[in-house]
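*Asks:* In terms of our numbering, the sequence shown opens at residue 1 and continues consecutively.
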Amino acid sequence: MDIFEILSDIVGAKYVSKRAVDRLTYSGDMWPRRQILKQAGSLPSEQPLCVVWPRDADEVCRVLKTCLDTGTPVVPYGAGSGVCGGTVPIYGGVVIDTRRMDRIGRVDPIARTVEVDAGVLGHLLEKSLEEQGYTLGHFPSSILCSTVGGWLATRSAGQLSSKYGKIEDMVLGLEVALPSGDRMTTGCFGAEPTVDWTQVFVGSEGTLGIFTKALLKVSPVPSARLFRGFAFPDLESGFHALRRIMQEGVNPAVLRLYDPVDALVAGRHGPSSKSRRVSGPLDRWFGRFVSPGSGDIPTAETGNDDQSAATNLAWMGVKLDKLVPLVKKAQKNAIQVVLANPAPINRLADLFNRKSILIVGVEGTSDSVVADMAAVGAIATEFGAQDLGDGPGLHWYENRYAVSFKQSKVFGAKAFVDTMEVSTTWTNLLELYLAVKRTLSPYVFVMAHFSHAYRDGCSIYFTFTGWRSSPDESLQVYDELWRAAMKSVQLHHGTLSHHHGIGILKLDFMEAEIPGGTAVFRALKKTLDPTGIMNPGKVFRNSGRDYPTTTK
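1. For my contact list, Lys539 and Glu205 are in at a C-beta cut-off of 8 angstroms; report their separation, rounded to the angstrom.
2. Is Val278 helix, strand or coil by DSSP?
3. Indicate the three-state DSSP secondary structure (helix, strand or coil) for Gly558 in the structure shown.
4. Would the beta-carbon of Leu257 fall within 8 angstroms of that of Met373?
5. Which class does Ser497 belong to by DSSP, given the choice of helix, strand or coil?
6. Comparing C-alpha positions only, which one of Ile502, Lys526, Ser470 sits nearest to Ala40?
7. Using a Cβ-based criterion (distance less than 7 angstroms to any ligand heavy atom), does Gly377 qualify as near the ligand PLP?
8. For Val520 and Ser81, I'd like the C-alpha separation in whole angstroms.
9. Quick one: what does DSSP say Ser142 is sitting in, helix, strand or coil?
10. Is Asp262 near Met447, with beta carbons less than 8 angstroms apart?
11. Would you mind reading off the limits of the alpha helix (DSSP H) that contains Arg557?
12. So, do the segment 388–396 and the segment 213–231 have three or more beta carbon pairs nearer to each other than 8 angstroms?
13. Could you compute how far the alpha carbon of Leu216 sits from the alpha carbon of Phe189?
14. Taking the alpha carbon of Val489 as the reference point, which residue from Asn428, Tyr443, Arg541 has its own alpha carbon closest?
15. Using beta-carbon positions only, say whether Ser133 and Leu160 come within less than 8 angstroms of one another.
16. Quick one, are the C-beta atoms of Pro252 and Ser180 less than 8 angstroms apart?
17. Rounded to whole angstroms, what's the CA-CA distance from Ala153 to Pro220? Just pull it up for me.
18. Please classify Pro44: does DSSP put it in a helix, a strand, or coil?
19. Can you look up Glu205 in the DSSP assignment and give me helix, strand or coil?
20. Which of helix, strand or coil does DSSP assign to Ser27?
21. Tell me whether Ile6 sits in a helix, a strand or coil according to DSSP, three-state version.
22. Which residue from Ser451, Gln336, Asp350 puts its Cα closest to that of Gly361?
23. Taking only beta-carbon positions, decide if Pro442 is within less than 8 angstroms of chain D.
24. Can you give me the Cβ contacts of Thr364 inside the same chain, cut-off strictly under 6 angstroms, excluding the 5 residues immediately before and after it?
25. Starting from the C-beta of Glu248, find all residues in its chain whose C-beta is less than 8 angstroms away, skip the five residues before and the five after it, and write them out in chain order.
26. With distances taken Cα to Cα, identify the nearest neighbour of His499 among Gln47, Arg155, Thr66, Gly93.
27. Comparing C-alpha positions only, which one of Gly238, Ala224, Phe211 sits nearest to Ile357?
28. Assign Ala485 to one of three DSSP states: helix, strand, or coil.
29. I think Trp597 touches Val83, with their Cβ atoms under 8 angstroms apart; what is that distance to the nearest whole Å?
30. So, under 8 angstroms CB-CB, Ile3 and Glu46 are touching, yes? Tell me the CB distance rounded to an integer number of Å.
31. Taking all protein chains shown into account, do 16 or more other C-beta atoms lie within 10 angstroms of the C-beta of Ile110, making it buried, or fewer, making it exposed?
32. Return yes when the Cβ of Ala214 is within less than 8 angstroms of the Cβ of Cys61, no when it is not.
33. Between Val120 and Thr147, is the Cβ-Cβ spacing less than 8 angstroms?
34. What did DSSP end up calling Ser128 once you bin it into helix, strand or coil?
35. I want to know whether the segment 46–59 touches the segment 87–104 - three or more CB-CB distances under 8 angstroms.
36. Count the other C-beta atoms from every protein chain shown that fall within 10 angstroms of the C-beta of Val278, then say buried if there are 16 or more, exposed otherwise.
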């Protein structure tokens with residue numbers, strides 16, 4: 001029997017596929033570099049031999065034992081929303097999709113824990129918990145298209161991490177299917193451990209085993225929530241307020257500081273009492289390209305310049321159905337020219353606005369949220385902030401998952417967009433921000449916000465977009481900017497990743513990130529995965545057996 005027949009016997013013929021469409025679908029994740037390749041019309045060269053959908057831990061273990069016996073590489077797969085190439089089957093092999101493993105247990109109200117299968121999608125877990133009066137407190141922007149196993153594999157962070165922590169702070173125990181076909185439990189899943197192996201597996205990106213279950217901490221759903229926006233005269237003032245809020249122990253759920261460019265493009269720079277965004281000067285011609293679909297639509301009610309111009313043209317007898325395509329083409333051409341040489345627009349954007357915007361959200365009881373927001377307001381005022389009311393915060397809250405579904409519009413315009421999340425201590429944070437922004441500026445239009453703030457440091461989330469005349473040139477620029485930016489991050493005492501993981505994208509910088517880490521990782525692989533079948537070619541370079549490509 002060949003491996004396909006053996007796997008069919010294990011999971012059932014319905015749940016294993018070597019169809020071309022499935023092999024293509026599971027050839028990678030949402031890594032932007034792969035999307036640039038698609039612009040060129042090329043199919044991924046790395047494709048799996050087949051895809052399997054096991055229903056439980058027992059089937060996962062049997063599939064892994066089969067792959068061990070046949071020397072077949074394995075790539076674990078959650079929902080495919082990663083952006084670092086972590087699920088690219090570099091050496092072919094078998095992709096194991098965990099989403100049939102979707103059981104959600106009842107909350108233990110005494111321990112405040114829940115046992116959940118690794119294939120559960122994030123929004124379904126949160127919906128189940130909320131129906132029972134609880135929350136995990138983990139809300140990544142990809143919550144609609146990511147799984148518990150994927151969160152654990154990459155050390156995911158949610159938008160309320162300042163209050164609840166990252167996923168590694170929420171996990172109490174794991175069940176892991178090992179490459180040998182054995183099963184291992186860690187933490188509170190077993191007896192009280194003398195050595196807890198949980199954090200060895202969390203963040204390992206499928207290179208040591210496959211998560212099948214997790215025991216997670218939950219909290220009661222808060223009874224009250226408040227949002228506020230504050231405008232600071234400059235980024236440095238906002239930065240100091242952000243640090244003070246965390247170090248004074250206010251503990252807000254949401255704390256997001258937008259740099260002047262991000263605040264300007266997104267139109268967050270004016271006061272508003274309504275739950276809507278505020279249009280900015282760059283927004284009308286550039287913002288919708290950077291954040292497609294998020295801009296205000298001109299209507300008679302808004303009374304903005306775009307609408308007035310349209311009305312006047314119609315009155316003059318101009319046929320808008322013929323004019324609009326010409327305007328759109330001219331706009332697209334102008335944007336392409338700008339993005340092909342982004343350094344001037346980056347400098348110009350810095351001149352348009354110096355203000356930074358802080359979005360704050362607090363939750364708890366009706367009394368505690370008022371007290372917490374008052375404490376935040378007092379600190380913000382100390383650093384010269386203008387209170388913008390609840391509008392900016394409510395707008396963010398209502399659109400907080402939208403960013404995960406906007407990439408396709410940018411790539412459809414033959415441009416590219418990506419994000420880079422790094423972190424460091426408060427001492428190094430501003431220097432790191434300025435250094436990385438300087439590094440990226442010649443390549444792409446760049447903006448950033450500071451979020452996932454803690455008492456000792458914070459994450460910086462850079463968003464950048466670029467365009468070149470051909471996919472080949474875009475790929476060259478993409479690779480160059482990432483190499484330059486990662487070197488700049490390490491030179492200025494930052495860490496390569498806060499919550500997206502390493503995958504293929506950042507693995508060449510891991511030895512400098514963790515000196516001696518490759519040797520330690522090799523030792524773990526030698527013990528847990530001696531034949532190197534688990535997601536080879538990820539996290540650390542040359543850390544396991546090198547496979548020939550099994551599909552060409």
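Ideal Cβ positions, reconstructed from N, Cα and C, are used throughout, including at glycine.
*Replies:* For this structure:
1. Inspection of the sequence shows that residue 539 is occupied by Val rather than by Lys. Between Glu205 and Val539 the Cβ distance is about 5 angstroms, and since that is below 8 angstroms, they are a contact.
2. Model confidence at Val278 stands at a pLDDT of 39, short of 50, so the residue's coordinates are unreliable; what they give is reported in the following sentence. Secondary structure at Val278: coil, using DSSP grouped into helix, strand and coil.
3. In the structure as shown, the chain starts at 1 and stops at 552, and residue 558 therefore has no counterpart that could be examined.
4. At a Cβ-Cβ threshold of 8 angstroms, Leu257 and Met373 do not count as neighbours.
5. coil
6. Ser470
7. The ligand PLP is not part of this structure, which contains no ligands at all.
8. 29 angstroms
9. In the structure shown, Ser142 sits in coil (DSSP, three-state: anything other than H, G, I, E or B).
10. yes
11. Examination of residue 557 is not possible in this model, given that the chain is present from 1 through 552 alone.
12. Here the segment 388–396 makes contact with the segment 213–231; the two share three or more CB pairs at distances below 8 angstroms.
13. Those two C-alpha atoms are separated by around 11 angstroms.
14. Looking at Asn428, Tyr443, Arg541, the one whose alpha-carbon comes closest to that of Val489 is Asn428.
15. With the sequence shown as reference, residue 133 is identified as Gly, and Ser is not the correct amino acid for it. Going by C-beta atoms, Gly133 is not nearer than 8 angstroms to Leu160.
16. Cβ atoms of Pro252 and Ser180: not closer than 8 angstroms.
17. 26 angstroms
18. Reduced to three states, the DSSP call for Pro44 is coil.
19. coil
20. In the displayed model, Ser27 falls within coil according to three-state DSSP, outside both helix and strand.
21. helix
22. Ser451
23. No chain D is part of this structure, which consists of one protein chain only.
24. In the sequence under discussion, the amino acid at residue 364 is Gly, which differs from the Thr named in the question. Excluding sequence neighbours, Gly364 sits near Pro222.
25. Ala375, Ile379
26. Arg155
27. Per the Cα distances, Gly238.
28. helix
29. This structure cannot settle anything about residue 597, because the visible part of the chain is limited to 1 through 552.
30. No, Ile3 and Glu46 are not in contact; Cβ-Cβ is about 18 angstroms, not under 8 angstroms.
31. exposed
32. Between Cys61 and Ala214, the C-beta gap is not smaller than 8 angstroms, which leaves the two residues out of contact.
33. yes
34. helix
35. yes
36. Caution applies to Val278, whose pLDDT of 39 falls short of 50 and renders its modelled position unreliable; the value that the coordinates give is listed next. Looking at its Cβ environment, which holds 16 or more other Cβ atoms inside 10 Å, Val278 is buried.
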